[in-house]
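Line by line, the protein sequences give chains G and H.
Position one of the first sequence corresponds to residue 4 (the numbering used here), numbered consecutively onward.
Position one of the second sequence corresponds to residue 4 (the numbering used here), numbered consecutively onward.
There are 2 protein chains.
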Amino acid sequence: MSIKTPYVAVDGIVMLYDSKEVFKGIVLIERKNPPFGMALPGGFVDVGESCESAVVREMKEEISLDVQIIRLLGVYSDPQRDPRFHTVSVVYICKAYGEPEAADDAKKCFIYLPDKIPMEKLVFDHAKIVGDFLRNREDNT
Amino acid sequence: MSIKTPYVAVDGIVMLYDSKEVFKGIVLIERKNPPFGMALPGGFVDVGESCESAVVREMKEEISLDVQIIRLLGVYSDPQRDPRFHTVSVVYICKAYGEPEAADDAKKCFIYLPDKIPMEKLVFDHAKIVGDFLRNREDNT
Chain G
4 MSIKTPYVAV DGIVMLYDSK EVFKGIVLIE RKNPPFGMAL PGGFVDVGES
54 CESAVVREMK EEISLDVQII RLLGVYSDPQ RDPRFHTVSV VYICKAYGEP
104 EAADDAKKCF IYLPDKIPME KLVFDHAKIV GDFLRNREDN T
Chain H
4 MSIKTPYVAV DGIVMLYDSK EVFKGIVLIE RKNPPFGMAL PGGFVDVGES
54 CESAVVREMK EEISLDVQII RLLGVYSDPQ RDPRFHTVSV VYICKAYGEP
104 EAADDAKKCF IYLPDKIPME KLVFDHAKIV GDFLRNREDN T
């Protein structure tokens, strides 16, 4: 049986808090590899690994944070969303404490308050994903 | 770059209604291929196809119904959930009218009211998925 499906990736919307539970912002990265630009931290899911484990691992690898998954935001699977090849991204809203530090595929880390996120600099469909998160967040408040 | 990720599939929880908007039940299939047993209708996502398009296509192919997606239920990615290989399933709650008719990978179709679903006959992790749907449904009412 020959099966060919899109690649599966995970991305994290990491809500960063300080030790007093004050919300500091969302973590974005500057990508080290093409497509260049800013993005949510994330990466491919390994065979033998759940999507939840993958997002925890990728956040540790790229932004050096131990994240707690809050919930699934959505699944983004438009064939055009990744300019390299077809990738389905499973996006989780996460919570973390501490200072992000760029590593692996991330060149640099940034912390942005929601209304300061530079949407025009986001690669892939990450502006759409962040937009969905922000709308969804407003609906819940 | 060599990337290896799990396969991506979609499954549908199809809520069937009659023309008077009376809920008739959930559609299950008897599988034609291994693993044998009952399951939610579903299948693999093609490269170049979104998950939403895939679930609409698969429901048409397997149970001969035109479904409308209501919302995403969840993403199921436990590496052990599929006995054949690692498959990530993106599960959508859908609505349809008419009579399901088995085709393609489905040998037979069944319509079950939620409290009559034979959970013990469901293959993969579909009993867990259906359980999540039923709990979620109760929460919303």
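Think of the CB as a built atom: it goes at the ideal place given N, C-alpha and C, for glycine as much as any other residue.
Remember, predicted model here, so these are calculated numbers, not experimental data.
Handout entry: Beta-carbon contacts of G/D1 that lie in its chain and below 8 angstroms, excluding the five residues immediately before and after
Key = This structure leaves residue 1 of chain G out entirely; chain G is present only between 4 and 144.
Determine whether the beta carbon atoms of H/L75 and H/V91 lie at a separation below 9 angstroms. As a first step, residue 75 of chain H is located in the second sequence; it is residue number 72 there, counting from the start. As a first step, residue 91 of chain H is located in the second sequence; it is residue number 88 there, counting from the start. Not in contact: H/L75 and H/V91 (Cβ atoms no closer than 9 angstroms).
- Task: Please confirm if the stretch 118-137 of chain G is in contact with the stretch 33-45 of chain H, defined as three or more CB-CB distances below 8 angstroms between the two stretches.
- Result: no
Tell me the DSSP bridge mates of H/K111?
The sequence position of residue 111 of chain H within the second sequence is 108, counting from 1. In DSSP, H/K111 forms a bridge with H/E33.
Same chain only: Cβ atoms within 8 angstroms of G/I132, ignoring 5 sequence neighbours per side:
Here residue 132 of chain G is taken as the residue at index 129 of the first sequence, counted from 1. If we look at G/I132 and ignore the five residues flanking it on each side, its Cβ neighbours are D14, I16, L43, L76, G77, Y79, S92 and V94.
Check your understanding: Using DSSP with H/G/I as helix, E/B as strand and the rest coil, what is G/K98?
Key -> Counting from one through the first sequence, the residue named residue 98 of chain G turns up at place 95. It is a strand residue.
| task | Tell me, please, whether the CB atom of G/G134 is closer than 9 angstroms to any CB atom in chain H? | result | Reading the first sequence from its first residue, position 131 is the one you call residue 134 of chain G. G/G134 does not count as touching chain H.
Shortest alpha-carbon distance to H/A12 belongs to which of H/D107, H/G45 and H/S56? For the purposes of this step, residue 12 of chain H is identified with residue 9 of the second sequence, where counting begins at 1. For the residues H/D107, H/G45 and H/S56, the minimum Cα distance to H/A12 belongs to H/G45.
Does the distance from the C-beta atom of H/K98 to that of H/M18 stay below 9 angstroms?
By one-based count along the second sequence, residue 98 of chain H stands at place 95. By one-based count along the second sequence, residue 18 of chain H stands at place 15. Yes, they are a contact pair.
In the DSSP output, what is H/V83 paired with across the bridge?
For the purposes of this step, residue 83 of chain H is taken as the residue at position 80 of the second sequence. One detail in the question is off: residue 83 of chain H reads as Gln in this sequence, not Val. H/Q83 is not bridged to any residue.
How close, in whole Å, do the beta carbons of H/A109 and H/I32 come, if the pair is a contact with beta carbons under 8 angstroms?
The residue labelled residue 109 of chain H in the question sits at position 106 within the second sequence. The residue labelled residue 32 of chain H in the question sits at position 29 within the second sequence. Indeed, because the Cβ distance is near 4 angstroms, the residues count as touching under 8 angstroms.
Query raised in the report: So, using beta-carbon positions, are G/T8 and H/D85 closer together than 9 angstroms?
Result: Here residue 8 of chain G refers to the residue found at position 5 when the first sequence is read from its first residue. Here residue 85 of chain H refers to the residue found at position 82 when the second sequence is read from its first residue. Taking 9 angstroms as the Cβ cut-off, G/T8 and H/D85 do not qualify as a contacting pair.
So what does DSSP say about G/D14, is it helix, strand or coil? What you label residue 14 of chain G is simply residue 11 of the first sequence in a count that begins at 1. Strand.
TODO: Using a Cβ-Cβ cut-off of 9 angstroms, state whether H/H89 counts as contacting chain G.
DONE: One-based indexing of the second sequence puts residue 89 of chain H at position 86. At least one chain G Cβ lies under 9 angstroms of H/H89.
Can you list, in chain order, the residues of its chain with a C-beta nearer than 7 angstroms to that of G/E102? Leave out the 5 residues immediately preceding and following it. As a first step, residue 102 of chain G is located in the first sequence; it is residue number 99 there, counting from the start. Cβ within range, chain order: n/a, list empty.
Margin query: Taking 8 angstroms as the limit between beta carbons, can you name the residues of its chain near H/M122, skipping five residues before and five after?
Written below: Within the second sequence, numbered from 1, the residue matching residue 122 of chain H stands at position 119. The residues are A130, V133 and G134.
**Prompt:** Should H/V59 be labelled buried (16 or more other beta-carbon atoms within 10 Å of its own) or exposed?
**Reply:** Taking the second sequence and counting its residues from 1, one reaches residue 59 of chain H at position 56. With 16 or more Cβ atoms within 10 Å of its Cβ, H/V59 is classed as buried.
H/I66 Cβ short of 8 angstroms to the ligand MG heavy atom set: In the structure shown, the ligand MG is absent, as is every other ligand, since no ligand is present at all.
*Starting from H/L75, find everything on chain G with Cβ-Cβ shorter than 9 angstroms and list it in chain order.*
Looking up residue 75 of chain H in the second sequence gives position 72. Going along chain G in sequence order, the residues near H/L75 (Cβ under 9 angstroms) are L75, G77 and V78.
Checklist entry - What are the boundary residues of the alpha helix (DSSP H) that includes H/I66? => result By one-based count along the second sequence, residue 66 of chain H stands at place 63. That run of the alpha helix (DSSP H) goes C54 to I66.
Open item on the list: If we define contact as Cβ-Cβ less than 9 angstroms, is H/K7 a contact residue for chain G?
Closed with: As a first step, residue 7 of chain H must be located in the second sequence, where it is residue number 4. Yes, H/K7 counts as interfacial toward chain G.
Taking 9 angstroms as the CB-CB cut-off, is H/G15 touching chain B? Within the model displayed, chain B is absent; protein chains G and H are what it includes.
Check: Quick one: which chain G residues come within Cβ less than 9 angstroms of H/D85?
Finding: In the second sequence, counting from the first residue as 1, residue 85 of chain H sits at position 82. Neighbours of H/D85 on chain G: none; closest Cβ ~11 angstroms, over 9 angstroms.
Exercise for review: Pull up the distance between the alpha-carbon of H/Q167 and that of G/S53, whole angstroms please.
Suggested key: Outside the shown range of chain H (4 to 144) lies residue 167 of chain H, about which nothing can therefore be said.
Q | Sub-9 angstroms separation of H/F47 and G/I6 beta-carbons | A | One-based indexing of the second sequence puts residue 47 of chain H at position 44. One-based indexing of the first sequence puts residue 6 of chain G at position 3. Going by C-beta atoms, H/F47 is nearer than 9 angstroms to G/I6.
Consider the Cβ of H/E52: report whether some Cβ of chain G lies at a distance smaller than 9 angstroms. Taking the first residue of the second sequence as position 1, residue 52 of chain H is located at position 49. Cβ-Cβ to chain G under 9 angstroms: yes for H/E52.
Got a sec, what are the start and stop residues for the beta strand (DSSP E) G/G46 sits in?
Here residue 46 of chain G refers to the residue found at position 43 when the first sequence is read from its first residue. G45 to F47 is the span of the beta strand (DSSP E), which, as asked, contains G/G46.
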